[in-house]
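Have a look at the structure below, then the notes.
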Amino acid sequence: MNILVLGNGFDIAHGLPTKYEHFLKFVEVFERCKEIGLNKKTFKEEWEKASEEEKPIVEELGNLSDKNPDIFKEIKDLVENNMWIQYFFNVYESRKVEGKDGWIDFESEISEIVKDFDDIKKTVYGNVKVEKGTIEIGGEVTERIKSFLQSCKRSVSSGKYIFSREYIAKIKKDLLLDLKRLIRCLEIYLVVYINKKDITNKLPDIEELAPQLNNVLSFNYTNTFQRMYREDMNVSYIHGEAKKDSDVESCNMVVGIDEYLKGDEKNVNVDFIQFKKFFQRIYKKTGSEYKDWVSLIADNSIRFAKGNPIQNNLYIIGHSLDVTDKDILKELILAPDTTTTIFYYNQETMASQIANLVKVIKQDELIERVHGKNPTIIFKQQK
1437 MNILVLGNGF DIAHGLPTKY EHFLKFVEVF ERCKEIGLNK KTFKEEWEKA
1487 SEEEKPIVEE LGNLSDKNPD IFKEIKDLVE NNMWIQYFFN VYESRKVEGK
1537 DGWIDFESEI SEIVKDFDDI KKTVYGNVKV EKGTIEIGGE VTERIKSFLQ
1587 SCKRSVSSGK YIFSREYIAK IKKDLLLDLK RLIRCLEIYL VVYINKKDIT
1637 NKLPDIEELA PQLNNVLSFN YTNTFQRMYR EDMNVSYIHG EAKKDSDVES
1687 CNMVVGIDEY LKGDEKNVNV DFIQFKKFFQ RIYKKTGSEY KDWVSLIADN
1737 SIRFAKGNPI QNNLYIIGHS LDVTDKDILK ELILAPDTTT TIFYYNQETM
1787 ASQIANLVKV IKQDELIERV HGKNPTIIFK QQK
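Count along the sequence shown from 1, then add 1436; that gives the number in the numbering used here.
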């Protein structure tokens, strides 16, 4: 069996602006010219003063407002007063002021905010006096939460941070709804902008592999592989697929956080479970076909153990091998009779992938698999 695993670096290698900061730029431009559907003069003015990076966005928004006003209005509704988007812009601007690059990881930021609110919830619910009243929390409110509340205009009066059980329940509900709105807005961006962008280059490594592949597992939401290499390939989207005709509730894209609770607490404290990736994968019924592939590989290994075992090939490209996807990557890489080829962009990327792979399969396992006459893990630079 020949399996290809795709990460976001695959889309980026095709020149597609699929980083989170690219999406924020799209939203930023939208906010500036969201009335262009009503005023053609505004559209022209925005296009003329836009940067080279922004011009195609302004042009696409102009087309969208003219030809698909319902989608244009939906973007407007999704962006308006969205707590997460407001906070991400605040983080983005803070990084620029500090002289840092525009890189921002939505899921990491979401994780920190959720963990902080979970800690506040424990303080509130752990104080018997708060059952029907409120409590002022001082030192336990992190600067991050203060920044979050201020950026989404939820800061409390007189500089005091006063919480009640009702407030915690309300903020959790709002956070979840706005996360769903954010995900749907990201989905629209991918469908109406990314999936329509012309791609002028193919990756030679993937072009060679494509005819031999049996299965493709994508951590992306886009249809780049089918567009460029094999239209007939049934891709398994582990984090969901971007679709135009979804809505806030039916969108199956996964944007969430990893488990941060330890031991039995993760089975008891489920207040913020809907923010977690594993929950979203189950709830949204995203691609889990990889488990069937691993089972088939294991069955074949047993069946042909006394003869010539079937050799399987796993190819990974554009994926950082981050520990957030540990469970999936580990199952595939450690499947019996499987050789894994990991494509890397440059030496820096390779070093990062090696470090991450240690977290996934452990150091001794990695050392054993990359050495010897027949290594089962191979690092290969992209052509």
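Where a beta carbon is used, it is the ideal one built from N, C-alpha and C, also for glycine.
- prompt: For residue 1751, which option in 1777, 1448 and 1466 has the closest C-alpha, if you only look at C-alpha atoms?
  reply: 1777
- request: Please determine if the region 1598-1618 and the region 1509-1526 are in contact, where contact requires at least 3 C-beta pairs separated by less than 8 Å.
  value: yes
message: Between which residues of its own chain and residue 1470 is the CB-CB distance below 6 Å, once the five residues before and five after are set aside?
response: 1512
field: Nearest residue (CA-CA) to residue 1558, options 1582, 1526, 1601 and 1581
entry: 1601
- prompt: At which residues does the beta strand (DSSP E) containing residue 1779 begin and terminate?
  reply: 1774-1780
Secondary structure of residue 1522, DSSP reduced to three states: helix
message: Does the region 1752-1769 come into contact with the region 1777-1792, if we say contact requires no fewer than three beta-carbon pairs (one atom in each stretch) closer than 8 Å?
response: yes
field: Pick from 1560, 1629, 1699 and 1634 that is closest to residue 1604, judged by C-alpha positions
entry: 1560
Touching by the beta-carbon criterion (3+ pairs, under 8 Å), the region 1621-1638 and the region 1447-1461: yes
query: How big is the Cα-Cα spacing for residue 1673 and residue 1446?
result: 14 Å
message: Taking contact to mean 3 or more Cβ pairs, one atom from each stretch, closer than 8 Å, check whether the region 1455-1467 and the region 1488-1499 are in contact.
response: yes
task: Spell out the partners DSSP gives residue 1748 in its beta bridges.
output: 1774
- prompt: Cβ atoms of residue 1654 and residue 1442: under 8 Å apart, would you say?
  reply: yes
field: Cβ shell of residue 1692 (< 7 Å), same chain only, five flanking positions each side left out
entry: 1543, 1711, 1712, 1713 and 1716
task: Measure the alpha-carbon distance for residue 1768 versus residue 1437 and round it to whole angstroms.
output: 12 Å
- prompt: Using a beta-carbon distance below 8 Å, is residue 1765 in contact with chain D?
  reply: Included in the structure is just one protein chain, with no chain D present.
- request: Please work out which residues of its chain come closer than 7 Å, Cβ to Cβ, to residue 1697, disregarding the five sequence neighbours upstream and downstream, and give them in chain order.
  value: 1705
query: Based on Cα-Cα distance, which residue from 1456, 1551 and 1553 lies nearest to residue 1528?
result: 1456
- prompt: Count the other CB atoms within 10 Å of the CB of residue 1587; is the residue buried (16 or more) or exposed (fewer)?
  reply: buried
task: Below 6 Å CB to CB, which residues in the same chain sit around residue 1795 once its five sequence neighbours on both sides are set aside?
output: 1759
query: Since residue 1730 sits in a beta bridge, which residues does DSSP pair it with?
result: In the DSSP output, where bridge partners are listed per residue, residue 1730 has none listed.
- prompt: Among the residues of its own chain, which have a CB less than 7 Å from the CB of residue 1720, if the five just before and after it don't count?
  reply: 1676, 1688 and 1690
From 1773, 1608, 1478 and 1742, residue whose alpha carbon lies closest to that of residue 1733: 1773
First and last residue of the uninterrupted beta strand (DSSP E) at residue 1628: Looking at the DSSP string, residue 1628 is not in any beta strand (DSSP E), and its letter there is neither H nor E.
DSSP beta-bridge partners of residue 1834: Residue 1834 lies beyond the residue range present for the chain, which begins at 1437 and ends at 1819; the question has no answer from this structure.
message: If the criterion is Cβ atoms closer than 8 Å, does the pair residue 1627 and residue 1652 meet it?
response: no
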